[in-house]
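Numbering (the working numbering), first residue to last: 129 to 612.
We treat Cβ as the ideally placed atom computed from N, Cα and C, and that holds for glycine.
Notes for the one structure printed next.
In structure tokens:
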């Protein structure tokens, strides 16, 4: 199944995204073998610097940010304050070295852009390590599957966030236990998510980003102004397992990591992406500040009563309900951005393989079915883990940590090793190796510890759900006996 999705993509003349087949016929090659959109088509389906910042920022600002106050509650006020700065800095650095390595390899192979999977394949093919050269396709598949699971996890979180808020607003109309209400509202949400994922053009994604950002700004502003603050009463830190649980949620909050290369591939001025005051720096600066601010204000406002999503804490009346609906709308529109990465990686290869196997089947219908399939996969994930806090943290400490803290430093070592040997002294080269190895080691620690903490939380939640089911069934049975 993996081979069906990725094998033909690597043969495309223009590398890096699902639209490469469409570009092939209308973009001549330059002398170095790269392809460039010419003339009036140059700006088609591309992004200016400002649009790139908005699109990338919106990929960070999704459902996860409204669970940040709960992350602060799990980790404690000052422990989470420090770790928010650390995680934000690590995410920025990893995105920076990822793009720098990708641009370096793209120039070497004569291509303008590389997506995450093909970048990993090319970098292994050019390595001095024989095992990496012989298993470059395996590395690409592993990276692509990591990104696939990461994006599916994000989409599942979006559905859970929407369901959590719909339960908060309308759960009393349905009755029953909360996790049953969550499943019902997740099923209702599925239809709207299917519609938004029919669009994969980057300009359409940008439009969704703009509209959902308005909803996000309105919701955040209203929540922030509701601030009965009591930060002096809150604990500075909590238990070790809660600390690890918090780490996963903080890493997840930077959920736009896998959108970095797709946006960089679509930006018109690639040099501006890594400039000191360029697209990446501005985006991560804005996102880090906003996340730090929202997490701090949310937790110090509601303290021990902080809910899984901060919208649970605002008053349940007409005005605040309107704000909650705005946040639901931004999550519905933002869901398409997470799915875009999946389509960017796999749809082109899928259509090529599917067309060979079923030549008479309409390829546009097949593409729509491809998207619908993955939307239903996210719905299945929601049914398995119908808990927003656990899903956020679990996705963050597994695939999120791999994409943010493991893969980028490893690929930088492979990419620049020869250059470092030629240009740097042994001492400088050793410092760079130690820096990257330390980052990978920290990522491995987060994964192992985070999975353990999430397993404990999942067992606790499962026991609670089964207990509620048992109590509900017992009450129903006793009521039937009384009627008889």
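Query: The alpha helix (DSSP H) that contains residue 433, what's its start and end?; Result: Careful: residue 433 lies outside any alpha helix (DSSP H) and carries neither H nor E.
Query: Considering just the uninterrupted stretch of the alpha helix (DSSP H) at residue 533, what are its terminal residues?; Result: Segment: none, residue 533 is in no alpha helix (DSSP H) and carries neither H nor E.
Query: My output table needs one value for residue 242: the three-state DSSP class, helix, strand or coil.; Result: coil
Query: Look up residue 184 in the DSSP assignment and say whether it is helix, strand or coil.; Result: helix
Query: Pop quiz: residue 566 and residue 382 are said to be a contact at Cβ under 8 angstroms. What is the actual Cβ separation, rounded to whole angstroms?; Result: Rounded, the Cβ-Cβ distance is 19 angstroms, inconsistent with contact.
Query: Put residue 402 into one of helix, strand or coil per three-state DSSP.; Result: coil
Query: Can you tell me which of the three DSSP states residue 395 falls into?; Result: strand
Query: Let's test the definition: count the other Cβ atoms within 10 Å of the Cβ of residue 504 and tell me whether it reaches 16, buried, or not, exposed.; Result: exposed
Query: If you run the structure through DSSP and keep just helix, strand and coil, what is residue 175?; Result: strand
Query: Between residue 316 and the rest of its own chain, which residues show a CB-CB distance below 8 angstroms, the 5 nearest in sequence each way excluded?; Result: 294
Query: Please go through the same chain and pick out, in chain order, the residues whose beta-carbon is closer than 8 angstroms to the beta-carbon of residue 430, but skip the five residues on each side of it.; Result: 197, 438, 441
Query: Out of 216, 215, 244, which has the shortest C-alpha to C-alpha gap to residue 227?; Result: 244
Query: Of the residues 312, 318, 522, which one's Cα is nearest the Cα of residue 502?; Result: 318
Query: Output needed for residue 498: all residues of its chain with C-beta closer than 7 angstroms, excluding positions within five of it in sequence on either side, in chain order.; Result: 475, 478
Query: Enumerate in chain order the residues of its own chain whose CB-to-CB distance from residue 225 is below 6 angstroms, with the five nearest sequence positions on each side excluded.; Result: 536, 540
Query: Between the beta-carbon of residue 320 and the beta-carbon of residue 460, is there less than 8 angstroms?; Result: yes
Query: Should residue 236 go down as buried or exposed, given a rule of 16 or more other Cβ atoms within 10 Å for buried?; Result: exposed
Query: For residue 575 and residue 525, which I take to be in contact (beta-carbon distance under 8 angstroms), what is that distance rounded to the nearest angstrom?; Result: 6 angstroms
Query: If you draw a straight line from the C-alpha of residue 433 to the C-alpha of residue 358, how long is it?; Result: 12 angstroms
Query: Report yes or no: do three or more beta-carbon pairs, one from the stretch 250-267 and one from the stretch 400-416, lie closer than 8 angstroms?; Result: no
Query: From residue 314 to residue 300, what does the alpha carbon distance come to, in whole angstroms?; Result: 16 angstroms
Query: Measuring CB to CB, does residue 207 end up less than 8 angstroms from residue 423?; Result: no
Query: Give the straight-line distance between the Cα atoms of residue 269 and residue 450, rounded to the nearest whole angstrom.; Result: 44 angstroms
Query: On the three-state DSSP scale, how would you describe residue 257?; Result: coil
Query: Three-state secondary structure (DSSP) at residue 569?; Result: helix
Query: Quick check on residue 487: buried or exposed, where buried means 16 or more other Cβ atoms within 10 Å of its Cβ?; Result: exposed
Query: Determine whether the beta carbon atoms of residue 396 and residue 184 lie at a separation below 8 angstroms.; Result: no
Query: Assign residue 365 to one of three DSSP states: helix, strand, or coil.; Result: coil
Query: Helix, strand or coil for residue 592 per DSSP?; Result: helix
Query: Might you give, ordered along the chain, the residues of its own chain that have their beta carbon closer than 8 angstroms to the beta carbon of residue 605, omitting 5 neighbours on each side?; Result: With a pLDDT of 43 at residue 605, under the threshold of 50, the modelled position of that residue is not reliable, and no figure is offered here.
Query: So is residue 444 buried or exposed if we call it buried at 16+ other beta carbons inside 10 Å?; Result: exposed
Query: Would DSSP call residue 303 helix, strand or coil?; Result: coil
Query: Which residue comes first and which comes last in the alpha helix (DSSP H) that contains residue 386?; Result: Counting along the chain, residue 386 falls outside any alpha helix (DSSP H), and DSSP gives it neither H nor E.
Query: With the cut-off set at 8 angstroms, would you say residue 543 and residue 229 are in Cβ contact?; Result: yes
Query: So which of 580, 362, 394 has the shortest CA-CA distance to residue 426?; Result: 362
Query: Give the secondary structure of residue 197 by DSSP, where H, G and I count as helix, E and B as strand, and everything else as coil.; Result: helix
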